[in-house]
Amino acid sequence: MKIFLDGDKGKAICDRCGGIVDTTFQRRDVPFSDGSGLVRNLLVGVCDSCDAVVSIPAQSTPAIRRARKPAPDNLEANLPAVYVDLLDYAVYTIDEQASTDFRRLLLTYFVHRDASDPRSVRRLRKAHDEALARYPEPRGVPRRRLSLKVPPRVSLALRQLEEDTELNTTELIKSVVCEIQDAVLERPQPAVIQALRTLSAVAG
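See the structure below:
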C-alpha cells in the first residue's frame, strides 16, 4: 500500500469536472455527507481543476473511524464495598502506579475475554454462586457505586452475557470481580497479569 504525503500527485474521478482529473494530496477539514460532523486535518486528494475533495487514501480511514466513534455507554452497579476494594487491590497488584481509572480497562479486559469464550457462561454462573458464599450481604452491608464509561461494543458484550447467564448487571459484575480475584490475587495467572501490565503501561 502506498503512503501519500502532502503535495503528492495522483489521479481520480471528479464528478464536478466529469472525468478523470489530476489531484494533489492536501490536508482539509472534511464534513460527513450526512452533516453529522467533520474530520479535521484529513489527508485527501483534491481536484487540481475545481478544488473539490475527490479521493481519500486508505491511510486516512482510521481518522474517519475515530471521528465517527460513538459516545461511550455508562456502566453502573451498586455493589457491596468489598467488590470495589477487590477491584482496586487487583489494579494495585498489576501496577502500583496505575490509577483507579484502570478499573475500567481491567473489567473490560475480562468482559471481552468472557464474551469470546463459550465456556464462560457456566464459569460466570459458578463465580456468582462463589461470590455470594465468599461475601454474604446482610442488611446494612456497606455499598459503593461503580460508575464507568465503556465502549458500546463492551456494553453490547455485557448485555449478551447477561442474557446468556441470566444474571443482571450487578450480579454479572460481581462474578467478573471474583474471576479477577482468582486470576490476579488468589491464583495468579502469569500470562494474564503480563497482558494486563502491558495494557496498563500503554494506557498510561
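Quick note on numbering: the sequence shown equals residues 810 to 1013 in this note's numbering.
Glycine is no exception: its CB is placed at the ideal position from the N, C-alpha and C atoms.
Model, not experiment: these values are computed from the prediction.
Buried or exposed (CB count within 10 angstroms, at least 16 for buried), residue i
i: V841; result: A small fix is needed here, since residue 841 is Phe in this sequence, not Val. The residue in question, F841, is exposed, as its Cβ has fewer than 16 Cβ neighbours within 10 Å.
i: I812; result: exposed
i: L914; result: buried
i: A1000; result: exposed
i: C856; result: buried
i: K983; result: buried
i: Q969; result: exposed
i: Q906; result: exposed
i: I989; result: buried
i: E980; result: buried
DSSP state of residue i mapped onto helix, strand, coil
i: D860; result: coil
i: L941; result: helix
i: R934; result: helix
i: D894; result: helix
Unbroken alpha helix (DSSP H) run spanning residue i, endpoints
i: V963; result: P961 to T974
i: P927; result: It is not in any alpha helix (DSSP H) - P927 carries neither H nor E in the DSSP assignment.
i: E988; result: T978 to I989
i: R874; result: T870 to A876
i: R948; result: Where R948 is concerned, there is no enclosing alpha helix (DSSP H), given that its DSSP letter is neither H nor E.
i: P999; result: P999 to A1012
Host beta strand (DSSP E) of residue i (start-end)
i: D923; result: Where D923 is concerned, there is no enclosing beta strand (DSSP E), although the alpha helix (DSSP H) it sits in stretches over F911 to A924.
i: D882; result: D882 to P889
Beta bridge counterpart(s) of residue i as assigned by DSSP
i: A821; result: V830
i: R953; result: L888
i: V839; result: V848
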